[in-house]
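In the working numbering, the protein residues as written are 2 to 428.
All C-beta atoms in this analysis are idealised placements derived from N, C-alpha and C, irrespective of residue type, glycine included.
Have a look at the structure below before the remarks.
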Amino acid sequence: MKKDIKIAIIGLGYVGLPLARLFATKYPVVGFDIHEDRITELMNGIDSTLEVENEVLQQVLVNTPSEKKGLFCTTDISAIENCNYYIVTVPTPIDKNNKPDLTPLIKSSETVGQVLKKKDIVIYESTVYPGATEEVCIPILEKESGLTFNTHFFAGYSPERINPGDKEHTVEKILKVTSGSTIEIGEKVDDLYASVITAGTHMAPSIKVAEAAKVIENSQRDINIAFVNELAKIFNLLEIDTTAVLEAASTKWNFLPFKPGLVGGHCISVDPYYLAQKAQEVGYHPEIILAGRKMNDSMGHYVASEVIKLFVKNDLKIKNARILVLGITFKENCPDVRNTRVVDVIQNLKDFGTNVTVFDPWAKPSEVKKEYNIETFSNMPQNKFDGIVLAVAHQEFLNIDFCKYLNKGGVIYDVKGVLDCKVHGKL
Ligand SMILES: NC(=O)c1ccc[n+]([C@@H]2O[C@H](COP(=O)([O-])OP(=O)(O)OC[C@H]3O[C@@H](n4cnc5c(N)ncnc54)[C@H](O)[C@@H]3O)[C@@H](O)[C@H]2O)c1
């Protein structure tokens with residue numbers, strides 16, 4: 002453990018909380034968030050994002066900011082005044098025109114600027130376009146604090162690579178890219194992370210390189226998934242089983258095993274727009290990045306059309322047909338509904354005049370209602386349906402006896418290609 006380190010984590014969501022918990026096993030940590038409800042649940046030892054087990058969280062919680070190790074969570078800015086490392090983990094969403102929305106990053110920089118002191122280091126973890134830390138955040142820190150960057154205070158950037166719902170690749174087990182505003186600060190930032198990340202660290206030569214590395218990791222995934230989505234569309238027309246083709250091709254050592262599907266969430270479907278925006282700002286119109294986005298954003302409509310084609314093939318009436326959609330979260334075994342593209346499937350099915358029922362044992366019905374105005378059930382509806390769409394591969398869905406819930410001649414569409422039974426349709 003390094004001496005005299007006091008860490009503030011700004012933003013206690015999917016990224017901030019696991020990091021705060023990890024640092025709190027060795028250092029005094031104050032977790033700061035603007036949402037009272039989030040602070041209340043955390044101080045009660047509960048993490049509704051399910052990223053940190055309640056017992057594990059409770060082991061590090063302390064009732065007042067500690068001088069030794071432990072995590073204290075608060076909405077009170079005065080509690081972070083004595084910290085010397087500020088780590089910012091706030092959301093970086095896009096607006097309705099797919100443009101980066103830097104509001105949380107700007108607001109949280111204003112907060113940190115108000116408590117910034119000489120020799121402090123501010124490390125950003127939020128995913129951004131290359132240049133955002135130095136061009137957007139640093140001037141705010143300077144303005145709010147009256148201090149000079151790289152003279153009085155310093156900065157770092159260390160992107161997060163966790164994967165919501167993934168209990169294997171937890172924060173300490175993922176190699177961490179680090180960087181600093183000077184070589185010496187880069188080393189300090191790297192040392193700090195190296196003291197808790199068991200998988201090790203990689204110090205990038207600059208903040209911009211670290212920012213760019215993160216944003217291309219997710220853009221690369223987006224483009225690869227877009228490619229297999231295009232393949233699924235082609236093979237469906239050729240009446241070839243896409244899963245079987247991918248399985249056969251995957252036997253080659255360097256074939257990348259991506260699967261077709263809906264691309265949602267707070268990262269892969271968002272981050273490429275950050276890179277695209279920056280590219281456009283400097284006069285380059287990205288073609289491949291935006292083509293990938295366009296393809297993946299079209300998949301909800303495509304899935305709904307394929308379901309309706311199955312109805313036609315099976316002589317099923319479409320108007321008022323009862324369709325059960327299984328899953329609304331953006332991925333399996335995780336409660337995160339941010340940017341889920343299942344809503345596109347639902348909306349398109351409704352546009353065809355069908356009646357859609359949604360069952361998801363992981364999503365919070367109140368959150369889905371607030372965000373998308375869609376009603377969801379937390380228990381399997383005990384009715385019969387004309388069609389079932391398996392949209393998310395939650396573990397609870399894998400052993401459902403689908404025949405029990407289907408009307409005669411009803412159809413199943415398996416978006417994720419996970420059902421063993423002979424399904425009627427899949428991507
Ligand atoms: N979710 C992931 O798995 C993941 C993985 C890698 C990187 N990232 C990136 O990490 C960043 C954070 O993502 P997340 O999923 O943890 O977001 P999140 O929405 O789960 O959490 C963000 C937290 O920040 C708080 N917050 C918002 N504005 C604030 C402010 N001004 N001051 C203090 N707190 C504020 C919110 O209340 C929330 O609790 C994003 O840039 C994201 O792209 C996320």
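Proximal residues to residue i (C-beta, below 8 Å), its chain only, five neighbours per side dropped
i	result
Thr1	For the chain, the structure presents residues 2 to 428; residue 1 sits outside this window and is missing.
Val229	Thr243, Leu247, Phe259, Lys260 and Pro261
Ala280	His286, Pro287 and Ile290
Asp361	Leu327, Gly328, Ile329, Thr330, Val369, Thr377, Phe378, Ser379, Val393 and His395
Beta-carbon proximity of residue i to residue j, cut-off 8 Å
i	j	result
Gly262	Lys427	no
Ala133	Lys70	no
Val116	Glu169	no
Ser270	Ala211	no
Ile107	Tyr274	no
Lys332	Pro165	yes
Ile324	Gly265	no
Asp167	Asn219	no
Ala227	Ala292	yes
Leu1	Gly187	No statement about residue 1 is possible, as the shown extent of the chain runs from 2 to 428 and does not include it.
Own chain residues within Cβ distance below 6 Å of residue i, not counting five before or after
i	result
Cys74	Gly32, Ile40, Leu43 and Met44
Pro105	Val91 and Pro92
Val343	Ile329 and Ala392
Ala305	Val346, Asn349 and Leu350
Candidates the options: closest to residue i by CA position
i	options	result
Lys118	Lys144, Glu135, Glu136 and Val129	Lys144
Ala205	Phe312, Thr179 and Pro94	Thr179
Glu52	Val313, Cys335 and Glu376	Cys335
Ile198	Asp402, Ile389 and Leu23	Leu23
Asp352	Gly328, His302, Val313 and Phe398	His302
Leu317	Asp167, Ile413 and Gly157	Ile413
Tyr86	Thr355, Ile235, Gly157 and Leu399	Gly157
Cys138	Asp34, Gly147 and Glu111	Glu111
Gly46	Asp38, His36, Gln59 and Asp34	Gln59
Trp363	Asn237, Leu276 and Glu397	Glu397
Asp38	Thr50, Tyr28 and Ile309	Thr50
Neighbour-count burial assignment, residue i, 16 or more Cβ in a 10 Å radius
i	result
Ala322	buried
Phe155	buried
Ala250	exposed
Asn380	exposed
Ala245	exposed
Ala200	exposed
Phe404	Note on identity: in this sequence residue 404 is Cys, with Phe being the wrong assignment. Exposed: under 16 other Cβ atoms inside 10 Å.
Lys174	exposed
Leu176	exposed
7 Å CB neighbourhood of residue i in its chain, flanking five on each side removed
i	result
Glu368	Val338
Heavy atom of ligand 2 within 7 Å of residue i beta-carbon
i	result
Asn230	With respect to ligand 2, the structure offers nothing, as its ligand set consists of ligand 1.
Do the stretch 95 to 110 and the stretch 51 to 65 make contact, defined as three or more Cβ pairs closer than 8 Å?
no
Can you find at least 3 beta carbon pairs, one from the stretch 297 to 316 and one from the stretch 142 to 158, that sit closer than 8 Å?
no
Is the stretch 285 to 295 touching the stretch 247 to 257 in the sense that three or more CB pairs, one from each, lie closer than 8 Å?
no
If we count Cβ pairs, one from each stretch, closer than 8 Å, do we get three or more for the stretch 333 to 352 versus the stretch 392 to 400?
yes
Using 8 Å as the cut-off, can you tell me whether the stretch 180 to 195 makes contact with the stretch 207 to 224, which would need three or more C-beta pairs spanning the two stretches below that distance?
Segments in contact, yes.
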